[in-house]
Structure formats: C-alpha cells, structure tokens
Amino acid sequence: MPAALALAGALTLGTAHAYTLEEFTFEDPSQTTEFRDLIGELRCLVCQNESLAGSQASVAQDLRNEVYRMMQEGKTRDEVVDFLVARYGDFVLYEPPIKPSTYFLWFGPFIFFALGGFLLMRAIQRKKAEPEQDLSDAERARLQQLLADTNKKD
47 MPAALALAGA
57 LTLGTAHAYT
67 LEEFTFEDPS
77 QTTEFRDLIG
87 ELRCLVCQNE
97 SLAGSQASVA
107 QDLRNEVYRM
117 MQEGKTRDEV
127 VDFLVARYGD
137 FVLYEPPIKP
147 STYFLWFGPF
157 IFFALGGFLL
167 MRAIQRKKAE
177 PEQDLSDAER
187 ARLQQLLADT
197 NKKD
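For the sequence shown, our numbering gives the first residue as 47, with consecutive numbering after it.
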C-alpha cells in the first residue's frame with residue numbers, strides 16, 4: 047500500500063508542471079515573445095502571487111487562452127490589458143496604476159511602516175522618561191525574607 051501511494055504521489059507531482067507555452071504558436075516570433083511577456087505580467091485571479099504564465103489553475107488556463115485568442119485576432123497589448131482590467135479590475139495587473147482606488151496598495155505599506163516606527167520611538171522615549179522607583183523599606187525587608195527562605199530550601 048505505501049508503495050502504491052508513493053507511486054501515485056510521484057505521478058501527481060510529475061504532471062504538476064505539464065503545462066508548456068508551446069501549445070500557443072504564433073506565425074511571428076515577436077508575437078510569441080510578446081505573449082510570454084504579457085502573461086508573465088498578468089496575475090492569476092485565484093493563485094497567491096502567481097502569474098498567468100506560472101499558474102496551473104484552470105482559470106489561468108482560460109485567461110491564457112483568452113489572451114492568445116485576442117492576440118491571434120490582432121489585438122494590441124494595450125487592448126488585451128484594457129479588456130482584462132475592465133473585466134477583472136486592477137487586481138489582474140502585478141503593477142496596478144497609481145490612482146485613488148489603488149493608493150492604499152501603493153502607499154499603505156509606507157504609512158504603516160512610518161506609523162510603527164513613530165509608535166516604537168514614542169514607547170522607547172516614554173520608557174526612558176520613567177524614573178526608576180526605589181524599593182520601600184517594607185518591600186526591601188520582604189525581598190530579603192524571600193531570598194533567605196529560598197536559600198534555606200536549597
């Protein structure tokens with residue numbers, strides 16, 4: 047049984063990257079290069095940070111086929127990108143344009159980093175500003191008693 051599972055796993059992993067770009071042929075080699083570049087710059091809609099070129103998802107295959115069809119029809123790169131953005135939004139682009147709806151994507155990390163740095167500096171300054179408090183006589187006596195009790199047990 048373990049051998050059968052190992053064989054099934056090996057066969058499954060062996061076919062995971064069976065997709066190749068050779069199934070998309072163009073008459074002009076420059077179109078092939080443009081196609082490869084374009085699907086490398088477009089994001090798979092269901093994968094985490096994977097391009098259409100690298101994704102094995104069926105949605106990615108459908109989008110590759112759509113891009114291929116549009117390029118075969120003579121559509122320009124901009125027309126293909128505009129179509130996909132109109133249909134799926136700026137998420138399909140790895141580098142969405144800077145506009146009000148994407149400000150958070152572009153500037154959010156810097157804002158959070160600056161805010162975190164500011165809060166960290168404030169906490170450090172506040173900690174430095176706190177005066178150290180000496181122990182009262184009662185606290186000092188209690189501490190001595192606890193230390194003596196601990197030493198007796200050892």
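For every residue, glycine included, the Cβ atom is placed at its ideal position computed from N, Cα and C.
Check                                                                                                                                                            : Outcome
Going along the chain, which residues of its own chain have a beta-carbon closer than 8 Å to the beta-carbon of S29, five neighbours each way excluded?          : Coverage of the chain is limited to positions 47 through 200, which leaves residue 29 absent and any answer about it impossible.
Is it a yes or a no for the stretch 94–114 touching the stretch 68–81, going by three-plus beta-carbon pairs under 8 Å?                                          : yes
Which of helix, strand or coil does DSSP assign to S97?                                                                                                          : strand
Please classify S101 as buried or exposed, where buried requires at least 16 neighbouring CB atoms within 10 angstroms.                                          : buried
Assuming the contact rule is C-beta atoms closer than 8 Å, P142 and T148 should be a hit. Round their C-beta distance to whole Å, please.                        : 5 Å
Which ranges does the alpha helix (DSSP H) cover as unbroken runs of at least 4 residues, wholly within the stretch 121–160, from first to last along the chain? : 123–134
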